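One structure is given below, encoded as structure tokens.
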Amino acid sequence: GTVWGIYHALLAIGTSGQSTIDKVAGPIGEALIMTALGLAVAIPAVLGYNALVRGNKSILGSLNSFAHDLHAYFVTGARVNASEPGKVLPLKKGN
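Shown next as structure tokens:
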């Protein structure tokens with residue numbers, strides 16, 4: 003929209019041979035309106051994208067922690083204490 007409005011402004015200047023305010027104001031105004039509409043769409047889209055990325059990183063961190071605990075269980079045969087992440091407790095005999 004912005005490029006289209008500037009194109010029309012330059013076209014009006016080219017066809018008339020001179021740049022008067024009445025020939026340029028309409029297309030430039032159109033370009034500014036399209037710029038504002040583009041920003042009105044782009045800013046919420048970027049904010050939404052960032053929110054989704056932040057949520058994705060949180061879920062990925064939880065899955066990574068679970069994978070680490072599961073791997074530790076399979077390798078050592080011991081369960082991981084949930085209150086102290088990273089500390090592996092050996093299984094008692096008879097369980």
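When we follow our numbering, the leftmost residue of the sequence shown carries the number 3, and every step to the right adds one.
For each residue, glycine too, the CB sits at the ideal point set by N, CA and C.
As the structure is a prediction and not an experimental result, all values here were calculated from the model.
**Asked** How many angstroms separate the CA atom of Ala74 from the CA atom of Arg81?
**Response** One-based indexing of the sequence shown puts residue 74 at position 72. One-based indexing of the sequence shown puts residue 81 at position 79. Using only the alpha carbons, I get a separation of about 8 Å.
**Prompt:** Measuring CB to CB, does Thr4 end up less than 8 Å from Gly40?
**Reply:** Here residue 4 refers to the residue found at position 2 when the sequence shown is read from its first residue. Here residue 40 refers to the residue found at position 38 when the sequence shown is read from its first residue. Yes, the Cβ-Cβ distance between Thr4 and Gly40 is below 8 Å.
**Request:** Could you tell me whether the segment 4-13 touches the segment 22-38, using the rule of 3 or more Cβ pairs below 8 Å?
**Result:** yes
**Item:** Pairwise C-alpha distance: Val43 and Ile23
**Value:** Taking the first residue of the sequence shown as 1, we reach residue 23 at position 21. Taking the first residue of the sequence shown as 1, we reach residue 43 at position 41. Ile23 and Val43: Cα-Cα distance of roughly 30 Å.
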